[in-house]
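Chemist: Take this structure first; my questions come after.
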Ligand SMILES: [Zn+2]
Ligand SMILES: [Zn+2]
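Right, here's the structure in full:
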């Protein structure tokens, strides 16, 4: 009986242990509050102690109500790394103490779409982008990750937390977008947007051996960074130059062989198909806050292939290998570092692009 009581008290303490977490309250409001530490809810779950997390522009989209499926009251954060604290009995590939990067998408691995690698469209109720959107995410001290065997990637000893931080989201997005764009050796690739995801996309486009990579952005600073880091050969600022004309000059009047639209600005979709050569692939990676127009009469005969690239983050293992081999290096993206208790200041800086911010590395524990 005494033991029973002790267990009950311990259980009670366990369920009432709290942690700091950044929570999406409702349209326009995010707060840092105390929330209960999550517990395993399914044999395929793992509990991760978050060590390093970050803020993504999708968090800002959630804040603005531009992600209709986001559930108010959810802890934000879908881009983070940590240490496995606990695993459900069905988790086979991971054990307590493993350092892991967490995939933005949770997926069952068994449904029609998962079996084809389209994990973003996993038909399980927790499939797709759930973490930090529909279920509690990783801007917190602990997080429950469903389908842990599919959603975690081991971080090799040689790879730091910072180097692995973007594996599951913006690097996956860039990697997926670049793979959709059908880039061939010596091609001219144009990437619209040199923000965090744009920089990752430039980096991943390089893996295909293009002849020329062109970065387009309205921020000279970001463009300069892309050039300095060797991610872009040519940079174009639409506020200062006519992008279509510049790209024609660079391609004997043809246009770009592949275009990746990562900016999601007011007229960047239009720019994307305008600068593409006939028969090019135009891959839309961006998440728009407004509907976009496809004026078919204006592009008649151009015979473009449009693809949309809402990430299928099914290549984290390959990405981790490329990080380890030094082929993907996102260290230039981390301009700011802080701790979880200061995440609200970080949100302000990140959302309002203050202080030349590109990405935060937010230390949790
Ligand atoms: Zn994201
Ligand atoms: Zn599935």
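Numbering (the UniProt record's numbering), first residue to last: 1 to 365.
Glycine residues also receive a C-beta, built at the ideal position from the N, C-alpha and C atoms.
Note that the coordinates shown come from a computational prediction; the quantities given were computed from them, not determined experimentally.
Please report the straight-line C-alpha distance between residue 359 and residue 305, rounded to a whole angstrom.
Modeler: 32 Å
Chemist: Please state if the CB of residue 320 and the CB of residue 32 are separated by a distance shorter than 8 Å.
Modeler: no
Chemist: Does residue 121 have its Cβ less than 8 Å from a Cβ in chain C?
Modeler: Structure shown: chain C not included; a single protein chain is present.
Chemist: My assumption, with CB atoms under 8 Å, is that residue 250 sits in contact with residue 214. Please give the rounded CB distance.
Modeler: 7 Å
Chemist: DSSP three-state call for residue 346: helix, strand or coil?
Modeler: Helix at residue 346.
Chemist: Indicate, with yes or no, if ligand 3 has a heavy atom lying under 7 Å from the CB of residue 269.
Modeler: This structure simply doesn't include ligand 3; it includes ligand 1 and ligand 2 instead.
Chemist: Name, in chain order, the residues that DSSP records as bridge partners for residue 20.
Modeler: Residue 20 is bridged to 34.
Chemist: Applying the 10 Å Cβ sphere with the 16-neighbour rule, what's the burial state of residue 45?
Modeler: Residue 45 comes out buried.
Chemist: Assuming residue 340 contacts residue 362 under a Cβ cut-off of 8 Å, what Cβ separation, rounded to an integer in Å, is found between them?
Modeler: 6 Å
Chemist: Once you ignore the five residues that flank residue 23 on each side, which residues in its own chain have a CB closer than 6 Å to its CB?
Modeler: 31, 33, 75
Chemist: By how many angstroms is the C-alpha of residue 117 removed from the C-alpha of residue 314?
Modeler: Near 6 Å, if we compare the C-alpha coordinates of residue 117 and residue 314.
Chemist: Rounded to whole angstroms, what is the Cα-Cα separation between residue 221 and residue 292?
Modeler: 28 Å
Chemist: Looking at residue 271 and residue 243, is the spacing between their C-beta atoms short of 8 Å?
Modeler: yes
Chemist: Using a threshold of 8 Å, state whether the C-beta atoms of residue 309 and residue 282 are closer than that.
Modeler: no
Chemist: To the nearest angstrom, how far is it from the Cα of residue 9 to the Cα of residue 97?
Modeler: Model confidence at residue 9 stands at a pLDDT of 48, short of 50, so the residue's coordinates are unreliable and nothing is read from them.
Chemist: Which residues in the same chain as residue 6 place their Cβ atom closer than 8 Å to its Cβ, once the five residues preceding and following it in sequence are excluded?
Modeler: Only weak support is given to the placement of residue 6: the predicted model assigns it a pLDDT of 48, under 50, and the question is left unresolved by the model.
Chemist: Please state the DSSP three-state secondary structure of residue 284.
Modeler: strand
Chemist: Report all residues for which the CB-ligand distance to some heavy atom of ligand 2 is below 7 Å; order them along the chain.
Modeler: Residues flagged by the Cβ proximity filter: 107, 108, 109, 110, 111, 113, 114, 119, 122, 123, 124, 127.
Chemist: State yes or no: is the C-beta of residue 148 within less than 8 Å of the C-beta of residue 87?
Modeler: yes
Chemist: Once the 5 residues before and after residue 348 are set aside, which same chain residues still bring their CB inside 8 Å of it?
Modeler: 354
Chemist: Could you tell me the boundaries of the alpha helix (DSSP H) in which residue 243 lies?
Modeler: 243–250
Chemist: Following a CB-centred definition, is residue 58 positioned closer than 7 Å to any heavy atom of ligand 1?
Modeler: yes
Chemist: Helix, strand or coil: which one does DSSP assign to residue 227?
Modeler: helix
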